[in-house]
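First the structure, in the form of structure tokens, and then the observations on it.
Pasting the structure below:
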């Protein structure tokens, strides 16, 4: 059996690594080489990465060590190895957008978000796999390959999408953290189904130039991390703000939606959520029933906005000529955009503006809203691989799409240690711009719930 080197950030995360690096107990190059060795050992089975740029990563890490030795400190992400979702451009690396079609020109050149990571000294290991054009909640991609969920070596289960490879890479310790995008749950879903922490940023908080424009109206970028504490550091660096500190649960008032969000729950999801809520109440949280606006409009709003904007990005002629070469589920969902007329699209946009105001008012004096992140456990991919399974393939996004429609921020934190044999997540939604507060709540929950179990990776070694 192949020997798997220890994950360099397994104990203490980014903060502990930053301290060890500055004490001379490790180097960026040694850490990068360790992650590359873990990728070599596990990626043949897990398929988390679409492209690994080992030579460039080692050179960047060596340069970081040189800067630190000369007295230049770039901050807490200096020397931290990361993976980038393959709908995001990185200079010198291919951008496939999860497709066989040549559409890198639509994504464009490297944008401000990747440049901020580089300026902070992060080492980019490569590009993580994605659902084709980021349009899918299960993580399945029949044309570029579907990553394996690291929680089950016997059954190929959904890794969650569309940031599928990002979720798997973080959960399996193939990067310190990864970057994904979230248009309807594409950070929170893979975070949930891989048992890690995900942060959907407020729309517009992180720049989206150099990112494939699935839906400019709803697109956001966010990190998939081991912990909320790591996500707080990433948030601080990208936004150039103070690192959020853990909040206090005692005295928090969190809304518990009375409709929609607790429908269709798997028994294990329901049990974990009930146990997590009980733990929160014991810690002094007040749970308040709340009616959220427009949740029944979720389906028509997404159908009227996202597919049409995706077709506009690809170009109608290209899509109609090449859709047979696309993943069937992604193609079927995108094809809806061909039937959306301008009046319907504008009406949906106007309703969205109103819905954002209604959501802001619905928060009232609440600190946030909670729900299960996904109603389901990771499903066998055999259940969601073709267009006939479209309804089942949409199930993971049942509870995540609302935050995108409201234009707010949200996090997902793991709660499978309350009795599930596969990952389960708890979602916290906070008002637009309250990302620091959401992360503070996430860190407090992390302390209360305790560390989440990690997948057993030995079975994936060759």
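In our numbering, the protein residues as written are 1 to 462.
C-beta: ideal position from N, C-alpha, C; glycine also.
Taking residue 51 as part of the beta strand (DSSP E), name the residues at either end of that continuous run.
-> Its beta strand (DSSP E) spans residues 49-52.
Just the Cα atoms here: how many angstroms apart are residue 230 and residue 76?
-> Straight-line Cα distance between these residues: approximately 10 Å.
Cα-Cα, which of 348, 15 and 291 is closest to residue 369?
-> Of the candidates 348, 15 and 291, the residue whose Cα lies closest to the Cα of residue 369 is 291.
In the DSSP assignment, what residue or residues form a beta bridge with residue 429?
-> BP columns for residue 429 point to 369 and 410.
Determine contact between the region 129-147 and the region 227-245, defined as no fewer than three beta-carbon pairs at a distance below 8 Å.
-> No contact exists between the region 129-147 and the region 227-245.
Segment contact, 8 Å Cβ cut-off, at least three pairs: the region 377-388 with the region 401-409 | The region 401-409 and the region 377-388 do not touch, with fewer than three beta-carbon pairs separated by less than 8 Å.
Closest by C-alpha distance to residue 349, when choosing among 393, 374 and 304 = The option with the nearest alpha carbon to residue 349 is 304.
Straight-line Cα distance separating residue 363 from residue 242 = For residue 242 and residue 363, the gap between their C-alpha atoms comes out near 25 Å.
Using 10 angstroms around the beta-carbon of residue 71, count the other beta-carbons present and answer buried if the total reaches 16, otherwise exposed.
-> Residue 71 is classed as exposed because its beta carbon has fewer than 16 other beta carbons within 10 Å across all chains shown.
7 Å Cβ cutoff met for residue 201 and residue 166 = Residue 201 is not a Cβ neighbour of residue 166, given a cutoff of 7 Å.
What residue does the alpha helix (DSSP H) around residue 189 start on, and which one ends it?
-> Boundaries of the alpha helix (DSSP H) around residue 189: 188-194.
Nearest to residue 68 by alpha carbon, out of 196, 27 and 170?
-> Taking only the C-alpha atoms, the option nearest residue 68 is 27.
Please state if the CB of residue 126 and the CB of residue 203 are separated by a distance shorter than 7 Å.
-> No.
If you drop the 5 nearest sequence neighbours on each side, which residues of the same chain put their C-beta closer than 8 Å to that of residue 22?
-> Closer than 8 Å at Cβ, skipping near neighbours: 68 and 73.
Touching by the beta-carbon criterion (3+ pairs, under 8 Å), the region 320-337 and the region 141-153 = Because the criterion of three Cβ pairs below 8 Å is met, the region 320-337 and the region 141-153 touch.
Beta-carbon proximity list for residue 311, same chain, < 7 Å, skipping 5 on both sides | Counting only Cβ-Cβ distances below 7 Å, and skipping sequence neighbours, we find 319, 334, 337 and 338.
Look up residue 328 in the DSSP assignment and say whether it is helix, strand or coil.
-> In the structure shown, residue 328 sits in a helix (DSSP, three-state: H, G or I).
Could you check if residue 358 is buried or exposed, using at least 16 other CB atoms within 10 Å of its CB as the buried criterion?
-> Per the 10 Å Cβ criterion, exposed.
Secondary structure of residue 127, DSSP reduced to three states = In the structure shown, residue 127 adopts extended strand secondary structure according to DSSP, grouped into three states.
What did DSSP end up calling residue 90 once you bin it into helix, strand or coil?
-> Three-state result, residue 90: coil.
Tell me which same chain residues have a C-beta within less than 7 Å of the C-beta of residue 256, skipping the five on either side of it?
-> For residue 256, same chain residues with a beta-carbon under 7 Å away, outside a window of 5 residues either side, are 287, 288, 289, 290 and 370 in chain order.
Taking Cβ to Cβ, would you say residue 123 is nearer than 7 Å to residue 41?
-> No; because the gap between Cβ atoms is not below 7 Å, this pair is not in contact.
Would you say residue 295 and residue 254 are within 7 Å of each other, going by their C-beta atoms?
-> Not a contact, by the Cβ cut-off of 7 Å.
Within the same chain, show all residues whose beta-carbon is closer than 8 Å to that of residue 269, passing over the 5 residues directly before and after it, in chain order.
-> For residue 269, same chain residues with a beta-carbon under 8 Å away, outside a window of 5 residues either side, are 372, 374, 375, 376, 377, 420 and 424 in chain order.
For the putative contact between residue 211 and residue 111, defined by C-beta atoms under 8 Å, what is the C-beta separation to the nearest angstrom?
-> So it is a contact: roughly 6 Å between Cβ atoms.
Looking at the structure shown, is residue 260 part of a helix, part of a strand, or coil, going by DSSP?
-> Residue state, collapsed to three classes: coil.
Distance, residue 87 Cα to residue 262 Cα = When rounded, the distance between both Cα atoms is 32 Å.
How would you label residue 435, buried or exposed, when you count the other beta carbons within 10 angstroms and need 16 or more for buried?
-> By the 10 Å Cβ count, residue 435 comes out buried.
Should residue 188 be labelled buried (16 or more other beta-carbon atoms within 10 Å of its own) or exposed?
-> Buried.
Do the region 101-116 and the region 209-224 touch if we need at least three Cβ pairs shorter than 8 Å?
-> A contact exists between the region 101-116 and the region 209-224.
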